[in-house]
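For the sequence shown, the working numbering assigns the number 138 to the initial residue and increments by one for each residue that follows. Each remark here refers to the structure printed beneath this line.
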Amino acid sequence: MLYLGAAAWLSSAAGVQAADVNLGRNLAASCANCHGTDGRSVGGIPELAGMSKGKMLGLLNEFRSGAKPATIMHQISRGYTDEQLTLIAEYFASRTAQGGGK
138 MLYLGAAAWL SSAAGVQAAD VNLGRNLAAS CANCHGTDGR SVGGIPELAG MSKGKMLGLL
198 NEFRSGAKPA TIMHQISRGY TDEQLTLIAE YFASRTAQGG GK
């Protein structure tokens, strides 16, 4: 009985983790217009793929507070909760940069 309870807990925890990954990917899809698919941008726009979670969250919070100059990122970053920004940062941190490094 204890085994079944542990197995159910593990499978539900894995389901939550998978849902978080999918939610992060779905939230990050809105970034593709400027930053490219999977955060691999072309041109003068910063690449997000492979950026560390901490660095990205720092930048997003600077945009949100107005401390970092930007064109549209102030408005975009204010449209997400802290939890959503964390999921987005985790998603891009899990992607591989164009050069293959992280």
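C-beta atoms are modelled at their ideal positions from N, C-alpha and C, and glycine is treated no differently.
- Message: Assuming the contact rule is C-beta atoms closer than 8 Å, Y228 and A165 should be a hit. Round their C-beta distance to whole Å, please.
- Response: Between A165 and Y228 the Cβ distance is about 5 Å, and since that is below 8 Å, they are a contact.
- Thinking just about the alpha-carbon of each residue, which of R215, E184, M193 is nearest to the one in S202? Here the closest residue by C-alpha is R215.
- Query: In this structure, does DSSP put T223 in helix, strand or coil?
  - Reply: If DSSP states are grouped into helix, strand and coil, T223 belongs with the helices.
- Query: So what does DSSP say about K205, is it helix, strand or coil?
  - Reply: K205 carries a coil assignment under DSSP once its states are collapsed to helix, strand and coil.
- Task: Determine the extent of the alpha helix (DSSP H) in which G177 is found, giving its start and end residues.
- Result: Note that residue 177 is Arg in the sequence shown here, rather than Gly. Counting along the chain, R177 falls outside any alpha helix (DSSP H), and DSSP gives it neither H nor E.
- Item | With 16 other Cβ atoms within 10 Å as the buried cut-off, status of D175 | So D175 counts as buried.
- Counting only the same chain and skipping the five closest in sequence on each side, list residues whose C-beta sits under 6 Å from that of L160. In chain order, L224 place their CB closer than 6 Å to the CB of L160, counting only its own chain and leaving out the 5 sequence neighbours on each side.
- Exposure label - A230; buried when at least 16 CB within 10 Å: Answer is buried; the Cβ neighbour count reaches 16.
- Message: Report the CB separation of A186 from A226 in whole angstroms; it is logged as a contact under 8 Å.
- Response: Taking C-beta atoms under 8 Å as the contact rule, A186 and A226 fail to qualify, at a distance of about 12 Å.
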